[in-house]
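Chemist:
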Amino acid sequence: MRIVLLGPPGSGKGTQAKLLTEELKVPHISTGELLRAAVAAGTELGLQVKEIMASGQLVSDDLVLGILEDRLSQPDAQAGFLLDGYPRNLAQAKALDGLLERMQMPVEEAIEIAVDNEQIIQRIAKRAEQEGRSDDTEEVIRRRLEIYTEQTAPVSDHYQQRGILSQVYGVGSIEEVFGRIKGVLVQAAS
Ligand code: AMP
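Going by the numbering used here, the first residue of the sequence shown is number -14, and it counts up by one from there.
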């Protein structure tokens, strides 16, 4: 199954993605993780994106599409994938449609996890303490949420128009939210 997981930073998307990939036995492809790995490895791409990521801005569409195409071309993604952190704007959603059409593996389901902003700010402050991420300060979180609302919300509309969007309420225990997501997938398969 080919799934796009949408939701603001701190919505629990990463946690749910890990559970889902275990359940579905497809790779979890997170553009944020791919970029962080490039920064940690000190590659040319990593050096290019380091400052942008630390300030909470989006990396250029071309750079992200490049690393994503490399990842989607790997053998394990041919059986399906769970995409997390991409697409982040309408241009990326269209670029992804084009890429996956060429690869003959279109997105089958888009799942959006909905959580309100104040809950997110509390959650991310906690994550910042645990993981020490440089893009997890309150100022940066607020900027990332603004960017999400402006740029990523139209992505939901895009999938809604394609008739493959499902929204899941993201407040509750990890198991509760995961149960809702599984419910959506059962419905999508029927
Ligand atoms: P994430 O782990 O998905 O929250 O991403 C962390 C950071 O990586 C973001 O704030 C952006 O700087 C960058 N990033 C991840 N995915 C994308 C994307 N699809 N487009 C542009 N920048 C991205």
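Note that CB positions come from ideal geometry on N, CA and C, so glycine has one too.
The model shown is predicted, which means the values in this text are computed figures rather than measured ones.
Are three or more beta carbon pairs between the stretch 99 to 106 and the stretch 50 to 57 nearer than 8 Å?
Modeler: Output reads no: the stretch 50 to 57 does not touch the stretch 99 to 106.
Chemist: Alpha carbons only, please: which of Ala2, Arg112, Ile96 is nearest the one belonging to valine 169?
Modeler: Start at 1 with the first residue of the sequence shown, and residue 169 comes out as number 184. Here the closest residue by C-alpha is Ile96.
Chemist: Please tell me whether, using a cut-off of 7 Å, the distance from the CB of tyrosine 133 to the nearest non-hydrogen atom of the ligand AMP is below it.
Modeler: Position 148 of the sequence shown, counting from 1, holds the residue named residue 133. False, no ligand heavy atom lies under 7 Å from that Cβ.
Chemist: On the CB-based measure, 16 or more other CB atoms within 10 Å of its CB, does arginine 60 come out buried or exposed?
Modeler: Within the sequence shown, the letter at position 75 stands for residue 60. Rather than arginine, the amino acid found at residue 60 in this sequence is proline. Exposed, because fewer than 16 other Cβ atoms sit within 10 Å of the Cβ of proline 60.
Chemist: Please classify lysine 111 as buried or exposed, where buried requires at least 16 neighbouring CB atoms within 10 angstroms.
Modeler: On the sequence shown, residue 111 is found 126 positions in, with the first residue counted as 1. Looking at its Cβ environment, which holds fewer than 16 other Cβ atoms inside 10 Å, lysine 111 is exposed.
Chemist: Counting by C-beta, which residues lie closer than 5 Å to a heavy atom of the ligand AMP, in chain order?
Modeler: Output, sorted by chain position: Pro(-6), Thr16, Gly17, Leu20, Met38, Leu43, Val44, Val49, Gly70, Tyr71, Arg73.
Chemist: Is the Cβ-Cβ distance between leucine 68 and leucine -10 less than 8 Å?
Modeler: For the purposes of this step, residue 68 is identified with residue 83 of the sequence shown, where counting begins at 1. For the purposes of this step, residue -10 is identified with residue 5 of the sequence shown, where counting begins at 1. Yes; because the gap between Cβ atoms is below 8 Å, this pair is in contact.
Chemist: Along the chain, which unbroken stretches of the beta strand (DSSP E) at least 3 residues long are found entirely within the stretch 63 to 140?
Modeler: Fully enclosed beta strand (DSSP E) runs of 3 or longer: 66 to 69, 94 to 99.
Chemist: Take the Cβ of valine 156 as the centre, count every other Cβ of all protein chains shown within 10 Å, and call the residue buried at 16 or more, exposed below.
Modeler: Locating residue 156 in the sequence shown gives position 171, where the first residue counts as 1. Exposed is the call here.
Chemist: Look up glutamine 152 in the DSSP assignment and say whether it is helix, strand or coil.
Modeler: The residue given as residue 152 occupies position 167 in the sequence shown. In this structure, glutamine 152 counts as strand in the three-state DSSP scheme.
Chemist: Tell me whether serine 58 is buried or exposed, calling it buried when 16 or more other Cβ atoms sit within 10 Å of its Cβ.
Modeler: Position 73 of the sequence shown, counting from 1, holds the residue named residue 58. By the neighbour-count rule (16 or more Cβ atoms within 10 Å), serine 58 is not buried but exposed.
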